[in-house]
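A short worksheet on the structure shown next.
Numbering (the working numbering), first residue to last: 451 to 924.
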């Protein structure tokens with residue numbers, strides 16, 4: 451009898467194998483190290499292996515962990531400051547971001563990552579600058595990291611509408627240097643648990659020469675480009691002012707799109723532009739809640755799928771989305787698209803669950819290690835407690851109602867256990883690798899400082915939220 455690290459005895463399970471959801475029942479999963487080494491009937495697994503730890507999940511639902519394809523975790527410390535307004539980046543976030551220290555940013559990352567883990571996310575698709583603090587917490591917490599290190603040369607400031615970004619060559623070199631440094635230090639750390647990607651912030655934030663260099667270096671390093679693409683009208687206006695071209699035609703001429711390209715949002719892309727990216731085998735990450743709140747729009751994910759492209763889900767940033775909850779993201783994606791197309795059959799529950807797991811992993815280029823429960827893949831697994839009123843009652847005949855209830859009713863607090871890379875990091879809703887109370891306390895401490903420092907610029911900008919404050923509406 452072989453000794454292994456972990457054995458999970460499941461009841462109902464969705465593996466995401468095949469083209470559907472891969473439902474099975476009464477199986478046990480054998481895990482050794484980071485990998486799933488066997489899945490079989492419980493009696494067979496018990497006859498072959500002796501596990502250091504056994505988890506009895508016969509009364510729970512077993513799923514692959516969620517893959518959050520796009521996050522800005524450092525913004526967790528300025529949650530909820532940039533919604534219900536126009537020009538959310540400059541009017542909403544700018545005063546708070548300017549007042550946020552490096553230490554506060556790291557505190558925000560810890561908060562956002564901890565939140566995501568508790569709601570069942572096992573892959574953190576982080577993006578931003580000064581990323582080492584976030585990477586260290588990903589490393590400590592035991593979750594999987596797909597980290598995009600930002601490259602930009604546009605000087606950060608509160609630009610007025612119609613004002614062209616100022617590109618600074620020195621800043622571009624510094625940010626590219628950080629990306630290279632963190633790649634060399636962390637890429638493929640812990641058996642590939644942490645991946646470093648190159649993240650040009652957007653075509654409007656870099657000059658042509660820097661864009662070309664990032665593309666070439668990413669290819670040389672055999673990693674991915676993770677990039678905001680046709681993010682909104684602001685980006686389109688910047689591209690037209692600087693180059694006289696929209697983003698996607700501009701980047702296609704540079705041969706930017708291929709299977710190693712991960713495009714974020716595509717909110718302002720035309721149907722033809724969507725088809726262009728998909729035709730070049732580029733990938734799309736959809737952040738429905740964020741774009742819905744900050745722009746009132748539904749990105750063209752359905753068109754991307756119809757063009758044969760690959761789409762994953764992301765939660766984006768807490769200032770405008772207000773959270774990192776993939777259950778919420780699945781529901782919003784399904785509902786928003788049903789409304790957009792006036793069709794109840796668009797984006798069914800089973801499809802958005804795949805987008806949150808295996809298809810999201812495929813979009814990030816990590817579907818060989820995560821996104822489904824299969825022998826040979828890493829054990830990134832979550833257990834859902836079905837004894838919650840929003841998931842009850844459970845039907846198994848003549849149909850199963852588990853997936854519709856997960857997508858349209860679950861809130862995240864149903865996640866009982868989180869296993870990443872073969873390691874139990876949350877058990878019975880209790881985090882085992884980080885101190886949640888301390889993380890929340892730290893975030894509040896920095897938020898108090900940020901608020902005081904941001905007040906003057908917040909009032910000078912005099913945006914809608916400043917008006918709401920004066921009118922007693924916040």
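The C-beta atom is built at its ideal place from N, Cα and C for all residues, glycine as well. As the structure is a computational prediction, the values presented were derived from the model and not from experiment.
Is it right to say residue 789 is buried, meaning 16 or more other beta carbons lie within 10 angstroms of its own, or is it exposed?
The residue given as residue 789 occupies position 339 in the chain shown. Exposed is the call here.
Residue of 771, 674, 739, 732 minimising C-alpha distance to residue 787:
Along the chain shown, read from residue 1 onward, the residue named residue 787 stands at position 337. Looking at the Cα atoms, 739 is the closest of the given residues.
Going by C-alpha distance, which of 843, 522, 589, 823 is nearest residue 855?
On the chain shown, position 405 is the one that residue 855 refers to. Selected option, being the one with the closest Cα: 843.
Extent of the continuous beta strand (DSSP E) to which residue 494 belongs:
The sequence position of residue 494 within the chain shown is 44, counting from 1. Looking at the DSSP string, residue 494 is not in any beta strand (DSSP E); the run it does join, the alpha helix (DSSP H), is 492–498.
To the nearest angstrom, how far is it from the Cα of residue 732 to the Cα of residue 499?
Within the chain shown, numbered from 1, the residue matching residue 732 stands at position 282. Within the chain shown, numbered from 1, the residue matching residue 499 stands at position 49. Going from the Cα of residue 732 to the Cα of residue 499 covers about 42 Å.
Are the CB atoms of residue 734 and residue 713 within a distance shorter than 7 Å?
Taking the chain shown and counting its residues from 1, the one referred to as residue 713 is at position 263. Taking the chain shown and counting its residues from 1, the one referred to as residue 734 is at position 284. Yes, the Cβ-Cβ distance between residue 713 and residue 734 is below 7 Å.
Considering only residues of the stretch 834–883, which uninterrupted alpha helix (DSSP H) runs meet the minimum length of 4 residues and lie entirely inside it, listed in chain order?
852–858
Using the Cβ count rule (16 or more neighbours within 10 Å means buried), how would you classify residue 551?
By one-based count along the chain shown, residue 551 stands at place 101. Residue 551 comes out exposed.
May I ask you to list the residues that DSSP assigns as paired with residue 473?
Locating residue 473 in the chain shown gives position 23, counting from the first residue. Residue 473 pairs with 464.
I believe residue 836 touches residue 511 by the beta-carbon criterion, under 8 Å. Please report the beta-carbon distance rounded to the nearest angstrom.
Position 386 of the chain shown, counted from the start, is the residue given in the question as residue 836. Position 61 of the chain shown, counted from the start, is the residue given in the question as residue 511. That pair is a contact at about 6 Å.
Segments of 4+ residues assigned as alpha helix (DSSP H) that fall wholly inside the stretch 536–606
544–548, 552–568, 582–591
Which partner residues of residue 507 appear in the DSSP bridge assignment?
Here residue 507 is taken as the residue at index 57 of the chain shown, counted from 1. Per DSSP, 460.
Take every Cβ of the stretch 546–564, pair it with every Cβ of the stretch 757–764, and state whether three or more of those distances are shorter than 8 Å.
no
Three or more C-beta pairs closer than 8 Å, one from the stretch 472–484 and one from the stretch 871–889: is that the case here?
yes
Burial state of residue 752, where buried means 16 or more other Cβ atoms lie within 10 Å:
In the chain shown, counting from the first residue as 1, residue 752 sits at position 302. Buried, since its Cβ has 16 or more Cβ neighbours within 10 Å.
If you reduce the DSSP assignment to three classes, tell me which class residue 765 lands in.
Locating residue 765 in the chain shown gives position 315, counting from the first residue. Coil at residue 765, not helix or strand.
Residue 707 - DSSP class collapsed to helix/strand/coil
Position 257 of the chain shown, counting from 1, holds the residue named residue 707. Residue state, collapsed to three classes: coil.
What first and last residue would you give for the beta strand (DSSP E) that runs through residue 517?
The residue labelled residue 517 in the question sits at position 67 within the chain shown. Unbroken beta strand (DSSP E) run through residue 517: 516–521.
Starting from residue 741, trace the alpha helix (DSSP H) in both directions and tell me its first and last residue.
Position 291 of the chain shown holds residue 741. From DSSP, the alpha helix (DSSP H) with residue 741 extends over 738–745.
May I ask you to verify whether the stretch 570–579 touches the stretch 590–605, counting CB pairs closer than 8 Å and requiring at least 3?
yes
Is it buried or exposed for residue 453, if we count other Cβ within 10 angstroms and need 16 for buried?
Counted from its first residue, the chain shown places residue 453 at position 3. By the 10 Å Cβ count, residue 453 comes out exposed.
Could you tell me if residue 919 is buried or exposed, where buried requires 16 or more neighbouring beta carbons within 10 angstroms of its beta carbon?
Translated into positions along the chain shown, residue 919 becomes position 469. Its Cβ having fewer than 16 others within 10 Å, residue 919 is exposed.
From 633, 464, 669, 923, pick the residue whose C-alpha is nearest to that of residue 710; which is it?
By 1-based counting over the chain shown, the position of residue 710 is 260. Of the candidates 633, 464, 669, 923, the one whose C-alpha sits nearest the C-alpha of residue 710 is 669.
Proximal residues to residue 864 (C-beta, below 7 Å), its chain only, five neighbours per side dropped
As a working mapping, residue 864 is identified with position 414 in the chain shown. Answer for residue 864: 834, 835, 838, 841, listed in chain order.
Answer yes if the stretch 631–644 comes into contact with the stretch 604–616, meaning at least three C-beta pairs across the two stretches below 8 Å, and no otherwise.
no
Extent of the continuous beta strand (DSSP E) to which residue 648 belongs
Translated into the one-based positions of the chain shown, residue 648 becomes position 198. Run containing residue 648: 644–650, per the beta strand (DSSP E) assignment.
Give a yes or no on contact between the stretch 517–524 and the stretch 879–894, applying the rule of three or more CB pairs nearer than 8 Å.
no
Among 530, 534, 470, the one whose alpha carbon lies nearest that of residue 917
The count along the chain shown starts at 1 and reaches residue 917 at position 467. Of 530, 534, 470, the residue nearest in Cα terms is 534.
Is residue 532 near residue 769, with beta carbons less than 7 Å apart?
Within the chain shown, numbered from 1, the residue matching residue 532 stands at position 82. Within the chain shown, numbered from 1, the residue matching residue 769 stands at position 319. Yes, the Cβ-Cβ distance between residue 532 and residue 769 is below 7 Å.
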